[in-house]
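> Next up is a structure, given as structure tokens.
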Amino acid sequence: MARTSFVGATLIALFFFAAAPSLASAADNGPVSLTWLASDADGGLGRLVLDAGHLAFHSMHASDSWDIDLASAKRVDVSKDVDKHIEVETVSGERFVFKIVDAQLLPVSPRKALQTISVALKSANAAGRMTASASQVPAPPASSKVVGVNGGQVR
């Protein structure tokens with residue numbers, strides 16, 4: 000019994016110390032790239048990558064691969080047409096359908112991946128709105144007078 004707990008504690012310690020530098024560097028370097036094994040609606044296998052505001056499906060067949068900017072995505076939800084699939088719809092109306100699969104290539108619940116992608120979509124849309132609102136602020140004309148502190152004029 001003592002040997003089993005020692006082995007378990009050793010494995011936990013090794014995992015923690017091996018993961019600690021990567022977790023620290025991930026916190027320092029900003030967003031982390033996430034990857035899932037996925038299948039498209041036609042059954043083609045590939046990997047789904049969420050990285051730096053982009054969602055990409057890299058298929059074994061290059062013609063089935065796609066990459067979208069999350070700022071251009073309108074909706075991410077469970078597909079109503081295909082069971083256990085996630086659907087991403089862009090502002091232009093394009094639809095991308097995929098499912099997350101496990102190591103045995105069996106479909107798994109899309110809940111966690113959907114939640115992660117939805118959070119990334121919301122943050123990308125919020126960043127897009129902030130950029131758009133900042134670019135819509137009109138600049139004052141070059142010849143205008145700006146009133147400074149205590150009524151002084153600044154040109």
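Counting from 0, one number per residue, gives the positions in the sequence shown under numbering that gives the first Met the number 0.
C-beta atoms are modelled at their ideal positions from N, C-alpha and C, and glycine is treated no differently.
Because the structure is a prediction, the values reported are computed rather than measured.
#1: Assuming residue 58 is part of the beta strand (DSSP E), what are its boundary residues?
#2: If residue 124 sits next to residue 70, beta carbons under 8 Å apart, how far is it from one beta carbon to the other, in whole angstroms?
#3: Excluding the 5 residues preceding and the 5 following residue 53 in the sequence, name in chain order all residues of the same chain whose CB lies nearer than 8 Å to its CB.
#4: Would you mind stating whether residue 86 and residue 78 have Cβ atoms separated by less than 8 Å?
#5: What are the complete beta strand (DSSP E) segments, minimum 3 residues, inside the stretch 68 to 136?
#6: Tell me the DSSP bridge mates of residue 66?
#7: Can the beta-carbon of residue 36 be found closer than 8 Å to that of residue 118?
The relevant details are as follows:
#1: For residue 58, the enclosing beta strand (DSSP E) begins and ends at 53 to 58.
#2: Confirmed, Cβ separation roughly 6 Å.
#3: Only 66, 67, 68, 69 meet the Cβ criterion.
#4: The answer is yes: Cβ separation under 8 Å.
#5: Entirely contained in the stretch 68 to 136, the beta strand (DSSP E) runs reaching 3 residues are, in chain order, 72 to 77, 85 to 89, 94 to 99.
#6: Residue 66 pairs with 55.
#7: No. Outside cutoff.
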